[in-house]
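Shown next, in C-alpha cells, is the structure this report addresses.
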Amino acid sequence: MVDGIRYDNVVTEGVAKQIANSLRAAILEGRLQPNQKLPTEHELADRFSVSRPTIREALKHLAAQNLIQSRRGSTGGTFVKSPSQEEAHEALTSTMTVLVSMGSFDFEQVTEARFELEQVCCRLAIDRRQSDHLDAMQAEVEVQKGEITDEEFCASDVRFHRALVDASGNGVLQYLMFAVIEALQPLANMVVFRFRERAFIVAQHQRIVDALRARDTEGALLALQDQLAYIREQYAKALEWRNQKRGTSAENSRTA
C-alpha cells in the first residue's frame with residue numbers, strides 16, 4: 001500500500017484532473033518518492049471510487065508533466081519519476097514559448113524581466129567568470145562581425161547571452177535564464193531585426209566582454225542597460241512600421 005495519497009475530496013466534475021492533482025501533490029510534497037511504485041489502476045480506481053478509464057486519464061495528466069513513467073516486465077508498473085534538469089528546462093522553455101506566442105506576456109514585460117535577471121547574472125559573473133566564459137563570449141562577437149545571415153546572427157546572440165549567464169555560476173539563475181533567453185530572445189530578434197544595426201549590438205557585446213574581463217561591474221551593467229534602451233527603441237519603430245503597414249493594407253482592401 002502507498003501512503004500519503006488523498007483519496008477523498010474528489011468531486012464528480014473533472015474527476016480525472018482532480019485525481020491527477022491529488023497524486024501530483026503527493027509527489028511534490030514528498031509523500032511519494034522518486035522511483036516509488038504507484039498502486040495498480042485497479043487499486044487506484046477502487047480507492048478513488050472511480051472507473052479505470054478515469055484513472056488512466058489522470059495518469060496521462062501526470063505523464064504529460066513528466067512526473068510518472070511506465071515500466072514493462074514482471075517488476076513493471078507506474079513509478080514516480082524524477083525529471084532531469086534537461087527535461088525540466090525543455091518543459092519550462094516550451095511553456096514560456098507558448099505563453100509568449102499566445103500573447104500572455106507583452107514585449108515590454110518580457111524584455112524587462114530578461115534584462116533584470118541578466119543584470120543579476122552579470123554582477124555575479126564579474127567575480128566568478130573564468131577564461132573559458134570570456135573566450136566563449138568573444139568567439140560569438142567575432143562570429144557576429146562576419147558576413148552571416150539574420151538567423152545565424154540571432155543564434156549567435158542567444159549563445160552570447162547564454163555564455164554570460166553561465167559565467168554567473170548560479171544553477172538556479174542558469175535554469176531560469178536559459179529558458180528565458182531561448183524562448184524569448186529569438187522572438188525579440190525577429191521583431192526588431194529589420195531596424196536594428198548589427199554594428200551597435202556587436203559593440204555592446206564587446207563592451208560587456210571587456211567589462212567582465214576587467215571586472216568592471218558598472219561598465220558591464222551600463223552596457224546591458226544601453227542594450228535594453230536600444231532594443232526598446234527599435235521595438236517602438238517596429239510597432240510603428242507594422243501599424244502603418246496594416247493601415248495601408250486595410251485602405252487598399254477598402255478601395256479595391
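Read in full-length UniProt numbering, the sequence shown has 33 at position 33, and its numbers run on one by one without any break.
Yeah, the Cβ is synthetic: ideal placement off N, Cα and C, and Gly gets one too.
Legend entry - CA-to-CA distance, S22 to S168, given in whole angstroms: Answer to the nearest angstrom: the Cα atoms are 37 angstroms apart.
Inset, instruction - Could you tell me the distance, in whole angstroms, from the CA atom of D210 to the CA atom of D166? - result: Between D210 and D166, the C-alpha separation is close to 17 angstroms.
Legend entry - Whole alpha helix (DSSP H) elements within the segment 166 to 247, 4-residue minimum: As far as the segment 166 to 247 is concerned, its whole alpha helix (DSSP H) runs of at least 4 residues are 171 to 192 and 198 to 213.
Legend entry - C-alpha distance - F195 paired with E233, whole-angstrom precision: Between F195 and E233, the C-alpha separation is close to 10 angstroms.
Legend entry - Exposure of R242, with buried meaning 16 or more beta-carbon neighbours within 10 Å: Of the residues assessed, R242 falls on the exposed side of the cut-off, its CB having fewer than 16 other CB atoms within 10 angstroms.
Legend entry - Within the segment 36 to 111, ranges of the beta strand (DSSP E) (whole runs, at least 3 residues): Runs found: 68 to 71 and 77 to 80.
Inset, instruction - Report yes if the C-beta distance between E57 and A16 is below 9 angstroms; otherwise report no. - result: Contact: yes.
Inset, instruction - Would you identify the three-state DSSP class for E118, choosing helix, strand or coil? - result: Helix at E118.
Legend entry - Beta-carbon gap between V141 and H205 smaller than 9 angstroms: H205 sits close to V141, with the two beta carbons spaced by under 9 angstroms.
Inset, instruction - Taking R31 as part of the alpha helix (DSSP H), name the residues at either end of that continuous run. - result: Segment: none, R31 is in no alpha helix (DSSP H) and carries neither H nor E.
Inset, instruction - If I'm right that R24 touches L67 with Cβ under 8 angstroms, what's the distance once you round it to whole angstroms? - result: The Cβ separation is near 6 angstroms, so the contact holds.
Legend entry - CB of residue 258 within 9 angstroms of CB of R162, strictly: The structure shown does not extend to residue 258, since the chain is modelled only from 1 through 256, so no value can be given for it.
Inset, instruction - Name the two residues that bound the continuous alpha helix (DSSP H) containing Q130. - result: Following the DSSP letters along the chain, one finds Q130 in no alpha helix (DSSP H), marked with neither H nor E.
Inset, instruction - Look at the Cβ atom of E152, then the Cβ atom of V143, and state whether they are nearer than 9 angstroms. - result: In this structure, the beta-carbon distance from E152 to V143 falls below 9 angstroms.
Legend entry - Proximity to V98 [Cα-Cα], best of L184, K245 and A26: The residue among L184, K245 and A26 with its C-alpha nearest the C-alpha of V98 is L184.
Inset, instruction - Output yes or no for whether 9 angstroms exceeds the beta carbon distance between L224 and C122. - result: Closer than 9 angstroms, so yes.
Legend entry - Alpha-carbon spacing of D135 relative to E29, whole angstroms: Each residue's alpha carbon lies about 42 angstroms from the other.
Inset, instruction - Return the chain-ordered list of same chain residues with a C-beta closer than 8 angstroms to the C-beta of K145, the five sequence neighbours on each side being excluded. - result: Excluding sequence positions up to five before and after K145, its CB lies within less than 8 angstroms of the CB of V202, all in the same chain and listed in chain order.
Legend entry - CB of L59 within 9 angstroms of CB of I27, strictly: A distance of 9 angstroms or more separates the beta carbons of L59 and I27.
Inset, instruction - Report all residues from its chain with a CB closer than 8 angstroms to the CB of N170; omit the five preceding and five following residues, and keep chain order. - result: Cβ contact annotation for N170 (same chain, cutoff 8 angstroms, sequence separation greater than five): C121 and L124, in chain order.
Inset, instruction - Note down the Cα distance separating V158 from P53, rounded to an integer number of angstroms. - result: About 44 angstroms.
Inset, instruction - Kindly indicate which three-state DSSP category I148 falls into: helix, strand or coil? - result: Three-state DSSP puts I148 in coil, outside helix and strand.
Legend entry - Proximity of L212 and H133 at Cβ, strictly below 9 angstroms: The beta carbons of L212 and H133 sit closer together than 9 angstroms.
Legend entry - Residue closest to V80, alpha-carbon to alpha-carbon, out of T111, D106 and A20: When C-alpha distances from V80 are compared across T111, D106 and A20, the shortest belongs to A20.
Inset, instruction - Using 10 angstroms around the beta-carbon of Q18, count the other beta-carbons present and answer buried if the total reaches 16, otherwise exposed. - result: Buried.
Legend entry - Backbone CA spacing between T12 and V50 [nearest angstrom]: Here T12 scores only 48 on pLDDT, less than 50, and its place in the model should not be relied on; the value that follows carries that caveat. So the alpha carbons of these two residues sit roughly 9 angstroms apart.
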